[in-house]
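> Residue numbers (the working numbering): 4 to 324. By construction, the Cβ of each residue, glycine as well, lies at the ideal position given by its N, Cα and C atoms. Take this structure, written in structure tokens, and hold onto it; I'll ask about it next.
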């Protein structure tokens, strides 16, 4: 055993001697790339030439619609994605009196308001309408209302729209969704159809769901959210309809998939389908993306041919599968 160990040691020593005795002459050179600097980009959104100057509209009469717009500019160095929300205040936008004259003014965002992408220096025009229904009663004479628009922007780099936020409304609110008429949209735990005399709805899953009330004539009350889908991914959810109106006032509700324009309608109901003052139960819907891209999920309801007896749509359990 001792001889074997000694033999092993002699081999190691020999290898060391061979390495130590080798001579090498390699040409070498080096250079230093100095002064490298890294600067964080900026996300900076601007509104118009002077966002502190408000718009004033006077002498609105029942039936009038004001069409307005403002410009959004990316003043930062990073590509961004923005969404706009509208908040109303004042008696002109509040429910007053008794039906049928308790229909306040409503504001709707109509163009370039949801998940709009802007390159640095890019511009977009956000369009909106303010409508005073023809059925507004005398309680609204001389009333004043204000609308505040809030633009929220976020970088697009490393921030894809690949998740449906608060799809089942379990936050108890519309976090993650764009709502065009906040006064006509609710998140609830129960809803009784037909003005309180019909069937009672509870959440199809979880404890909350969205209830959207129709508003101005032929204008959709809408909540929407944009998502990035891979080809073959599926959007799914559940929906129900409460027809508070009767024919020929064919109020309707729908789930619409948008990509550049309306692309698909995987669920729809109307007075003609459920009958005068009828309801539908919770129904499942689904839609599969044919190609990868950004799609907007729109949940909506509207009055048709008048703005009285507004019908109601219920939505829940929206997911990406």
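Can you tell me the Cβ-Cβ gap for residue 210 and residue 173, rounded? I've got them flagged as a contact below 8 Å.
As a first step, residue 210 must be located in the chain shown, where it is residue number 207. As a first step, residue 173 must be located in the chain shown, where it is residue number 170. The pair is a contact, with the Cβ atoms about 7 Å apart (cut-off 8 Å).
> How close, in whole Å, do the beta carbons of residue 304 and residue 314 come, if the pair is a contact with beta carbons under 8 Å?
Residue mapping note: residue 304 aligns to position 301 of the chain shown, counting from 1. Residue mapping note: residue 314 aligns to position 311 of the chain shown, counting from 1. Contact flag correct, Cβ pair sits at about 6 Å.
> DSSP has residue 116 in a bridge; who is on the other side?
Translated into positions along the chain shown, residue 116 becomes position 113. In DSSP, residue 116 forms no bridge with anything.
> Can you give, in chain order, each stretch of the beta strand (DSSP E) that sits fully within the segment 217–267 and has at least 3 residues?
Segments of the beta strand (DSSP E) lying fully in the segment 217–267: 224–232, 237–245, 255–261.
> How big is the Cα-Cα spacing for residue 194 and residue 138?
Position 191 of the chain shown, counted from the first residue, corresponds to residue 194. Position 135 of the chain shown, counted from the first residue, corresponds to residue 138. Distance between the alpha carbons of residue 194 and residue 138: 26 Å.
> Which residues share a DSSP beta bridge with residue 301?
In the chain shown, residue 301 corresponds to position 298, counting from 1. Paired residues: 227, 259.
> With distance defined between alpha-carbon atoms, name the residue in 262, 229, 215 nearest to residue 255.
For this step, residue 255 is matched to residue 252 along the chain shown. For residue 255, the nearest C-alpha among the options comes from 215.
> From residue 118 to residue 168, what does the alpha carbon distance come to, in whole angstroms?
One-based indexing of the chain shown puts residue 118 at position 115. One-based indexing of the chain shown puts residue 168 at position 165. Whole-angstrom Cα-Cα distance: 13 Å.
> Are the segment 138–148 and the segment 92–101 touching by the rule of at least three beta carbon pairs closer than 8 Å?
With the cut-off at 8 Å, the segment 138–148 and the segment 92–101 touch.
> For a quick check, are the C-beta atoms of residue 158 and residue 238 less than 8 Å apart?
In the chain shown, residue 158 corresponds to position 155, counting from 1. In the chain shown, residue 238 corresponds to position 235, counting from 1. It is not a contact, given that the beta carbons lie outside the stated cut-off.
> Please confirm if the segment 257–273 is in contact with the segment 175–194, defined as three or more CB-CB distances below 8 Å between the two stretches.
No: fewer than three Cβ pairs fall under 8 Å.
> Kindly confirm or deny that the segment 246–255 and the segment 290–309 touch, where touching means at least three C-beta pairs closer than 8 Å.
These segments touch.
> Taking just the CA atoms, how far does residue 248 sit from residue 73?
Position 70 of the chain shown, counted from the start, is the residue given in the question as residue 73. Position 245 of the chain shown, counted from the start, is the residue given in the question as residue 248. Roughly 36 Å separates the two Cα atoms.
> What's the gap between the Cα of residue 171 and the Cα of residue 282?
Counted from its first residue, the chain shown places residue 171 at position 168. Counted from its first residue, the chain shown places residue 282 at position 279. Near 21 Å, if we compare the C-alpha coordinates of residue 282 and residue 171.
> Tell me whether residue 197 sits in a helix, a strand or coil according to DSSP, three-state version.
Position 194 of the chain shown, counted from the start, is the residue given in the question as residue 197. Residue state, collapsed to three classes: helix.
> Residue 24: buried (16+ other C-beta within 10 angstroms of its C-beta) or exposed?
The sequence position of residue 24 within the chain shown is 21, counting from 1. Residue placement at residue 24 is poorly supported in this model, since its pLDDT is 44, which falls under 50; the coordinates still yield a value, given next. It is exposed - the Cβ of residue 24 has fewer than 16 other Cβ atoms within 10 Å.
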